[in-house]
Every structure is written in C-alpha cells, then in structure tokens.
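Chemist:
Numbering (the working numbering), first residue to last: 1072 to 1127.
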C-alpha cells in the first residue's frame, strides 16, 4: 500500500473474467487459423487448452 500512497492519480480497471476468457479464446482461435508455422500453431493450441483448464 505504501507504493500506492505515493501515486497522485491511479486508475484501476475491473473486468469480468468471463468476457476476457471468451476474448482470449477467440483471439487464439484466429491466430491458430492464420499461423503458417506448425510449431507456433501447436504452441497456440497448447495455450488454448491451458485456458480451458484454468477456466474450470
């Protein structure tokens, strides 16, 4: 809290995690479809699977 006291103005943003999850999943889906490099595509797929596991 000491760090925050030293800041004159601060903006905090609270987001709905469900909305962010859906946006992230859509982003990864688009990236997977566009990606030419199969190694990168597989990494993106792993990221997508990991997001699914975290959402549980």
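C-beta: ideal position from N, C-alpha, C; glycine also. Computed from a predicted structure; not experimentally measured.
(1) Count the other CB atoms within 10 Å of the CB of residue 1115; is the residue buried (16 or more) or exposed (fewer)?
(2) Could you check whether residue 1123 and residue 1099 sit closer than 8 angstroms to each other, using their CB atoms as the reference points?
(3) Note down the Cα distance separating residue 1110 from residue 1079, rounded to an integer number of angstroms.
(4) I need the straight-line Cα distance from residue 1092 to residue 1082, nearest angstrom please.
Modeler: In short, the structure shows the following:
(1) buried
(2) no
(3) 46 angstroms
(4) 22 angstroms
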